[in-house]
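One structure is given here, and the rest of the page talks about it.
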Amino acid sequence: MPGVILKSLSKRYGDVGAVDGLSLEVKPGELLALLGPSGCGKTTTLRLVAGFLAPEAGEIWVGDRCLSSPASVVPPERRRMAMIFQSYALWPHMTVAQNVAYGLRFKPGLSRGDREARVREMLRVVQLAGYERRYPGELSGGQQQRVAVARALVVEPEILLLDEPLSNLDANLREEMRFEIRRLHETFGNTTLYVTHDQGEAMVISDRIAVLKAGKVAQAGTADDLYHRPRTRFVAEFIGRTNVLDGVAVARDTVAHGHLRLRVATADLEPGARVALSIRPHQLRLGEPGAAAGGANAFRGTVRRAAFLGDSVDYEIAVADSDLVLRAAAAPTPRFEVGAAVGLRIEPAACVPLAESDPR
Amino acid sequence: MSKRSMALAAVVVAALLAGLVVAGDAQTQDARLEAAKKEGKVVWYTSLVLPSAERVAKLFEAAYPGVKVEVHRTGSQRILQRVMQELQANIKNVDVVHTSDAGHFVLLKDKKLLAKYTPAGVDAFPAGFKDRDGYYYGLRATVNAITYNTKAMSAAEAPKTWKDLLDPKWKGKLVTAHPGYSGVIATHVLALVHLHGWDYFKALAENRVMIVQSANDPATVVSSGERIVAVNGGDYSAYQLKKKGNPIEIVYPKEGVPLVVSPTAITSFAPHPNAARLFTDFTFTRECQQVMADSEGLYTGHPEVTYPADKPKLNELKLLTVTPEELEKRNEELKKRFVEFFGA
Amino acid sequence: MDRSVAVWVFAALSLVVLMALPLGWLGWLSVSGEHGATLAHYRDVFTDLALRKALWNTVVLAFWVGLVSVALGAPLAWLTARTDIPGRGLIRGLVLASFVTPPFLGAFAWVMLAGPNAGILNTLWRSVTGSREPLLNIFTMPGLIFIVAIYTFPYVYIMVANTLALIASDLEEAAAILGAGRLTVARTVTLPMVLPALASGFILAVLQALALFGSPAILALPAGFHTVTTQIWSLFQFPPKVEQAAAFSIPLLLATALLLQVQKRVLGRRGYAAVGGKGGQRRTIPLGAWRFPALFACLAVMACAIFLPYGVLAKAAFARAWAQPLSRDNLTLGNFTFTFFEYGATRDAIVNTLELGVMTACVGAVMVAVLSYVTNRRLVVGHQLVAFLALAPVVVPGVVLAVGLFIAYTRPPFVLYGTLWILFLAYLTKEMPVGYAQADATFRAIPADLEDAGRVLGAGRLRILKEVTAPLAKSGIIAAWCFIFIGVIRELSASILLFTPSTKVMSVVIFDLKEEGQFGAISVLGLVMLGLTFATVALVQAALGRDVLGTRK
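Residue numbers (the numbering used here), protein chains in the order written: chain A, 33 to 392; chain B, 684 to 1027; chain C, 78 to 630.
And the structure:
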């Protein structure tokens, strides 16, 4: 099972560079999510990999085959891939069985019986046994989705591509299908590229996530990496909620914001350089004002707003002697009322310097 | 392309055969029939009213099985337009041309588009039916007459003369055919211009005359009652309608009636020259001419033809005639002034 | 890139043969004199009083046809789209029937109905009232406007009904909840939203009226006036003044192009996306006591367009004398025997018409399918231009196209005059936009994903075309075929200048017979034409699974 390597891919639409020097590696058997807001180039990237588009620069390799380069592009039908579309793209004039069996026709050495058996087996896997003779128009959205999955998986593709496959489903079904897709990935182990704009979906489904911005990879890594060790402001803000604080490094491990001094997680800052810090709301510790006195990264503040969310309370804290307003997520007890003075402590490990600037 | 070269070949063959035909004995008659059968059909552009034209065609086909007649019936002026347009595009389609505008034949003769051919038996026809140079001969004749609807008026109330039609009491009740379509009407207009001048038509137009195209149509309009008096039109189509029981009557004005001799001729480029001659000869036989006189109500130049008792003889009428040459020369003027007065 | 070249060579060649050559010659001849370029023909044309009158008549006709079409089409559309008027399906069906009725047949039928003296309606009127004056006189400008409008209002109807069907009632209810009364809602919300459709329907109706030949030829000429189209046609009479006809065609061409541009603007300014209130319901407005009066009014309009004309055609087909009551003596099959067995031109014309119809529809359907596939899937560089070219002939009125084709193809290198090919070219050009629009809608409705899905699984482009695209596009392309076919069999305005006696088509034979007053034979042929048309319409409906007028369900 080969992996996929994208080398400095570029593709422009008119003046707009949809994909702009993008490099990425998908390891064999890995499920990698391409995550980003609309217009970041994730679908273009996927269609480049599928061979529907030809790159203007860069190369796409699968294993030892170079599939796309500006000089030559292997057409989609010879890439040994499969794809699941946002619209499912089920053929309305074919039955479920015909839809699923379609790709098997192009597999040499399969008898008719083999094909039927595989289709039956695959439909069983996606829990659609007995639906062989139905037409797509007679199925619910979720069932259509399963047919699309079955059609893609039955051919045992080297590479599986998914283009926002869950965005047409309603919320409950979407939840359920996330786990279903993950389960199927673990069963079949295809090298998979999964395009989505939903970070929750990406985190549940994927082994690794590549966050795209302006046609480039802003950062790639596991969900944990991206959440706890974002390297750019964009990634920090896109994955989960965060407080971003602009400041200047005053020591290799300290950043100043006005009068405030914050110790940070690393000790490799260039003194005098501008630095942005990401602090996740739930890593702010709140307490009585007195309790915060002394120690690193301890401040006082006032509660500006509080919203009870059930398992937590969402606070907005104005930091004393500063223009800084931080979001904090704290346990429901103890509760602080609006206007109350609070003590605030942030572990240095929670102050993550955003070392890199975002792609533009 | 092969059609055209075949047509060319046919013309050559025809030229050769022409010499034989003039000899005119029974054997060459047979040979000509064979040649005509080989050609298979004759293409006839005719302004003879459609049912009459189809009847002549059927008679011919019955007499000469194996030779079909392709009838293309439209107004005289349209026929000329078609012939000229086709020639411009180098299409040689028509064998026999028959219109009611004798001027056309002057024009076609000048342009060398007619074949010289004297149909059998036309020597006995009156001079008005014969071209001096022998290119075209009058196949039939009609006169323009007034037609009125007998349900709408008594014979006493009906107009008696062309000038009667100028009476304002006919306003909105008259119908005319168009000289830009019909040769019968072009002849009519020219003859009445000679008689009463253009002022006559100017005054006539004041009566808000309905305009139709074919010289056969005024009589049908009067039969239906849509208008009650036709200010012109061939009397033969009116006569036929009358015979069928339509409530119309024909008036031959005392000032004289424009005589329209409708010539026929074979084109110089006829793709079926033998069939064309056979057909032309046939149309001049007493048999065919008598049919035209009997069932169609036409006049002919054939001396032996007898006419229905309920139709005036030609020699009982005062005839207004115009020469083909003048008709040809003034054709454009006739149409233009007519349109000026009547609008379309 | 190689396929781009092939498509472009094909498109360019078609363009040259179908448009550039005819219109180029048209333009050139209109300014060519014996000594090089001249404006003399334009001077001749525009100083001639008769021709200027014809121009003015056309303006009057087109404008009023537009207005009357709006006055008939808009209320009918609203009634059927928004109210609980009974018999909505029936009314829609009748509007469709009026849409596909050849206008010249309608005009001809109305000669029998409302000729001022013999017209059946007028005879009836006189016998009932004892009046000596006719009730209606069809041989007048108002008469002509009326006849053209009753076959043109479906353009307004379609535009308005389809727009109303897209406007969700929410939008109106949103205004109502803010305090607007029923009339205010109609005035401030519904009407403004329908206005672009209304204006564009008006323009389409005007364009129809501008380009029409048959109805003016049947109704205006007997009344002693010309329109531009009949004038162009009469300029072809011997001796032909083709240069003047060319010069006279240019204003018609420009007016059409201009109006279409205006229409595009009108439609483009307010996005239909805003109108497409997805999911919003369309509630019907109860008419209450007005239900049946409204139905009656609709049926009265349809009586003028359908019942009366069809009835009189049927009567005339079986009558010896159409103006007389259909008594036993007056009953005959003679018109049928004459038309089919005695009159030689009929059968040839029917054969020619069918031959041309099938040929044009087949070639046209393949062309529009290929072109719209190429443009929809953006397979070539400059695909927008291909689309533009396929739609371009819409600006060329039939008569003008015919003048151009006549000039272009009566001289070397392509002498096509006198063959069916020149008619074929005329029809193909004329029907291309209609066919293209249908094919385009078809491919638009087939998402590219459906093709991509197959390709990823290993099927090549051609295979996908055969196994996925073709089965899905089939019914849409059949519909395009039918639209082209219907257009061809009723075509008169271009045919009338391009036929020769050996290449007559049905419409031309009908026109010929009209000039001679052969009412019975015309009626027989007219019924045949209507039969063919409705059979084809039935085929479209079966193919599309919806009626021809509407948007997809």
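Every residue, glycine too, gets a C-beta built ideally from N, C-alpha and C.
Bear in mind the structure is a predicted one, so any value in this text is a computation, not a measurement.
Inset, instruction - Using three-state DSSP, classify alanine 362 of chain A as helix, strand or coil. - result: Locating residue 362 of chain A in the first sequence gives position 330, where the first residue counts as 1. It is a strand residue.
Inset, instruction - Put threonine 307 of chain C into one of helix, strand or coil per three-state DSSP. - result: Numbered from its first residue, the third sequence carries residue 307 of chain C at position 230. If DSSP states are grouped into helix, strand and coil, threonine 307 of chain C belongs with the helices.
Legend entry - Beta carbon of proline 99 of chain C nearer than 8 Å to that of alanine 467 of chain C: Taking the first residue of the third sequence as position 1, residue 99 of chain C is located at position 22. Taking the first residue of the third sequence as position 1, residue 467 of chain C is located at position 390. Not in contact: proline 99 of chain C and alanine 467 of chain C (Cβ atoms no closer than 8 Å).
Legend entry - Meets three-Cβ-pair contact criterion under 8 Å: the segment 409-426 of chain C and the segment 729-741 of chain B: yes
Inset, instruction - Could you check how far apart the C-beta atoms of glycine 495 of chain C and threonine 577 of chain C are, in whole angstroms? I think they sit under 8 Å. - result: Within the third sequence, the letter at position 418 stands for residue 495 of chain C. Within the third sequence, the letter at position 500 stands for residue 577 of chain C. That pair is a contact at about 5 Å.
Inset, instruction - Note down, in chain order, every chain B residue with its Cβ under 9 Å from the Cβ of histidine 303 of chain C. - result: Within the third sequence, numbered from 1, the residue matching residue 303 of chain C stands at position 226. Neighbours of histidine 303 of chain C on chain B, chain order: Val1022, Gly1026, Ala1027.
Legend entry - Same chain, Cβ closer than 8 Å to valine 492 of chain C, five either side skipped, listed in chain order: Residue mapping note: residue 492 of chain C aligns to position 415 of the third sequence, counting from 1. Within the same chain, valine 492 of chain C has close Cβ partners Tyr486.
Legend entry - Collapsed DSSP secondary structure at glycine 290 of chain A in the structure displayed: The residue labelled residue 290 of chain A in the question sits at position 258 within the first sequence. Coil, per DSSP.
Inset, instruction - Let me know the alpha helix (DSSP H) ranges lying completely inside the segment 933-970 of chain B, each 4 residues or longer, listed in chain order. - result: 956-966
Legend entry - In DSSP terms, what isoleucine 427 of chain C is bridged to: In the third sequence, counting from the first residue as 1, residue 427 of chain C sits at position 350. For isoleucine 427 of chain C, which the question treats as bridged, DSSP gives no partner whatsoever.
Legend entry - Nonlocal neighbours in the same chain, by C-beta distance under 7 Å from serine 552 of chain C, ignoring five residues either side: Numbered from its first residue, the third sequence carries residue 552 of chain C at position 475. Taken in chain order, the residues that qualify are Ala620, Leu621.
Inset, instruction - Would you verify that the beta carbon of alanine 536 of chain C is, or is not, closer than 8 Å to some beta carbon of chain A? - result: Reading the third sequence from its first residue, position 459 is the one you call residue 536 of chain C. Yes, alanine 536 of chain C counts as interfacial toward chain A.
Inset, instruction - Count the CB pairs spanning the segment 206-213 of chain A and the segment 45-57 of chain A that are closer than 8 Å, and state whether there are at least three. - result: no
Inset, instruction - Give the DSSP bridge partners of methionine 154 of chain A, in chain order. - result: Locating residue 154 of chain A in the first sequence gives position 122, counting from the first residue. In the DSSP output, where bridge partners are listed per residue, methionine 154 of chain A has none listed.
Inset, instruction - Check the C-beta distance from leucine 213 of chain C over to asparagine 194 of chain C and give it rounded, since I have them as a contact under 8 Å. - result: Taking the first residue of the third sequence as position 1, residue 213 of chain C is located at position 136. Taking the first residue of the third sequence as position 1, residue 194 of chain C is located at position 117. Leucine 213 of chain C to asparagine 194 of chain C, Cβ: 11 Å. No contact.
Inset, instruction - Indicate whether leucine 631 of chain C and threonine 160 of chain C have their beta-carbon atoms separated by less than 8 Å. - result: Here chain C covers residues 78 to 630 and nothing more, so residue 631 of chain C does not appear.
Legend entry - CB contact below 8 Å: proline 524 of chain C versus chain A: Here residue 524 of chain C refers to the residue found at position 447 of the third sequence. Cβ-Cβ to chain A under 8 Å: yes for proline 524 of chain C.
Legend entry - For glutamine 176 of chain A, the first and last residue of its enclosing alpha helix (DSSP H): In the first sequence, counting from the first residue as 1, residue 176 of chain A sits at position 144. Run containing glutamine 176 of chain A: 173-185, per the alpha helix (DSSP H) assignment.
Inset, instruction - Could you spell out the range, first to last residue, of the alpha helix (DSSP H) harbouring arginine 210 of chain A? - result: Residue mapping note: residue 210 of chain A aligns to position 178 of the first sequence, counting from 1. 203-220 is the span of the alpha helix (DSSP H), which, as asked, contains arginine 210 of chain A.
Inset, instruction - Would you please state the rounded distance, in angstroms, between the beta carbons of glutamate 592 of chain C and glutamine 712 of chain B? I believe it to be under 8 Å. - result: Numbered from its first residue, the third sequence carries residue 592 of chain C at position 515. Numbered from its first residue, the second sequence carries residue 712 of chain B at position 29. Incorrect: roughly 39 Å between the Cβ atoms, too far for contact.
Inset, instruction - Tell me phenylalanine 340 of chain A's beta-bridge partners as DSSP assigns them. - result: Against the first sequence, residue 340 of chain A aligns to sequence position 308. Phenylalanine 340 of chain A pairs with A:Val345.
Legend entry - chain C contacts from the segment 99-115 of chain A (Cβ-Cβ distance under 9 Å): Pro107, Pro108, Glu109, Arg110, Arg111, Arg112, Met113, Ala114, Met115
Inset, instruction - Ignoring anything shorter than 4 residues or poking outside the segment 182-225 of chain C, list the alpha helix (DSSP H) runs there in chain order. - result: 197-206
Inset, instruction - Evaluate contact between the segment 746-766 of chain B and the segment 933-941 of chain B, counting only Cβ atoms and requiring at least three cross-stretch pairs below 8 Å. - result: no
Inset, instruction - Kindly indicate if chain B contains any beta-carbon less than 8 Å away from that of asparagine 134 of chain C. - result: On the third sequence, position 57 is the one that residue 134 of chain C refers to. False, the Cβ-Cβ gap to chain B never drops below 8 Å.
Legend entry - Among B:Pro734, B:Ala828, B:Leu997, nearest to serine 978 of chain B - alpha-carbon criterion: Along the second sequence, read from residue 1 onward, the residue named residue 978 of chain B stands at position 295. The shortest C-alpha separation from serine 978 of chain B is found at B:Pro734.
Inset, instruction - Could you check which residue in C:Ala503, C:Ile573, C:Leu241, C:Gly603 has the C-alpha nearest to that of isoleucine 362 of chain C? - result: If you number the third sequence from 1, residue 362 of chain C lands on position 285. When only C-alpha atoms are compared, the closest one is C:Leu241.
Legend entry - Extent of the continuous beta strand (DSSP E) run through threonine 223 of chain A: Counted from its first residue, the first sequence places residue 223 of chain A at position 191. Residues 223-228.
Legend entry - Straight-line Cα distance separating valine 384 of chain A from aspartate 300 of chain A: The residue you call residue 300 of chain A lines up with position 268 of the first sequence. The residue you call residue 384 of chain A lines up with position 352 of the first sequence. Roughly 12 Å between the two C-alpha positions.
Inset, instruction - Reducing DSSP to helix, strand and coil, say where isoleucine 241 of chain A ends up. - result: The count along the first sequence starts at 1 and reaches residue 241 of chain A at position 209. Here isoleucine 241 of chain A sits in strand by DSSP.
Inset, instruction - Using the DSSP secondary-structure output, state which residues sit across from proline 385 of chain A in a beta bridge. - result: Residue mapping note: residue 385 of chain A aligns to position 353 of the first sequence, counting from 1. Answer is A:Leu309.
Inset, instruction - Would you mind sorting glycine 356 of chain C into buried or exposed? The rule is 16 or more other CB atoms within 10 Å of its CB. - result: In the third sequence, the residue the question calls residue 356 of chain C occupies position 279. Because glycine 356 of chain C carries a pLDDT of 47, less than 50, the predicted location of this residue cannot be relied on, and no value is offered for it.
Legend entry - Cutoff 8 Å; reference glycine 564 of chain C; Cβ partners in own chain excluding five residues on either side: Here residue 564 of chain C refers to the residue found at position 487 when the third sequence is read from its first residue. Tyr504, Lys507, Glu508, Val511.
Inset, instruction - Answer yes or no: does any C-beta atom of chain C fall closer than 8 Å to that of phenylalanine 117 of chain A? - result: Position 85 of the first sequence holds residue 117 of chain A. Taking Cβ atoms only, chain C reaches closer than 8 Å to phenylalanine 117 of chain A, which makes this a yes.
Legend entry - Paired residues, beta bridge with isoleucine 295 of chain C - DSSP: Taking the third sequence and counting its residues from 1, the one referred to as residue 295 of chain C is at position 218. None, per the DSSP bridge assignment.
Inset, instruction - Decide if tyrosine 45 of chain A is buried, meaning its Cβ has at least 16 other Cβ atoms within 10 Å, or exposed. - result: Working through the first sequence from its first residue, we reach residue 45 of chain A at position 13. So tyrosine 45 of chain A ends up on the exposed side.
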